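Colleague:
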Amino acid sequence: MPKFYEDKEEDGRACSGIREDFKACLLQNDCVVKEGKMPSQCLKEGHCKALQTSFFECKRSMLDNRSRFRGRKGY
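Heads up, the sequence shown is in the working numbering, so the first residue is 107 and it goes up one at a time.
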């Protein structure tokens with residue numbers, strides 16, 4: 107569930123909401139907390155895959171010329 111809200115102060119970067127949720131998901135995952143692994147190792151195992159995909163899509167939409175009319179994907 108997204109934890110980013112419109113009222114919250116943004117850092118001005120693109121895809122900041124998804125970035126924050128993705129970071130929180132990785133750092134609060136059992137793979138990192140209980141097993142003590144690095145977040146990059148947990149990503150390779152497939153944790154937080156949905157947020158990783160939506161963050162990638164948001165970043166990719168920044169390069170898409172059509173996004174000038176449609177707006178960036180994500181929140």
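No residue lacks a Cβ here, since even glycine has one placed at the ideal position from N, Cα and C. Computed from a prediction, not measured in an experiment: that's the story for all the values here.
In angstroms with no decimal places, state the Cα-to-Cα distance between V139 and R119.
Modeller: 28 Å
Colleague: Cutting at 6 Å between CB atoms, please list the residues of its own chain near I124, excluding the five before and the five after it.
Modeller: Leaving aside the five residues that flank I124 on each side, the residues in its chain whose CB is nearer than 6 Å to its CB run, in chain order, S160, F161, C164 and G180.
Colleague: Drop a sphere of 10 angstroms on the beta-carbon of L133, count the other beta-carbons inside from all chains shown, and report buried for 16 or more, exposed for fewer.
Modeller: exposed
Colleague: For D136, count the other beta carbons within 10 Å of its own beta carbon; 16 or more makes it buried, fewer makes it exposed. Which is it?
Modeller: exposed
Colleague: Apart from the five residues just before and just after K143, which ones in its own chain have a Cβ nearer than 7 Å to its Cβ?
Modeller: C137
Colleague: Suppose contacts are defined by Cβ-Cβ distances below 9 Å. Is Q158 in contact with F128 by that definition?
Modeller: yes
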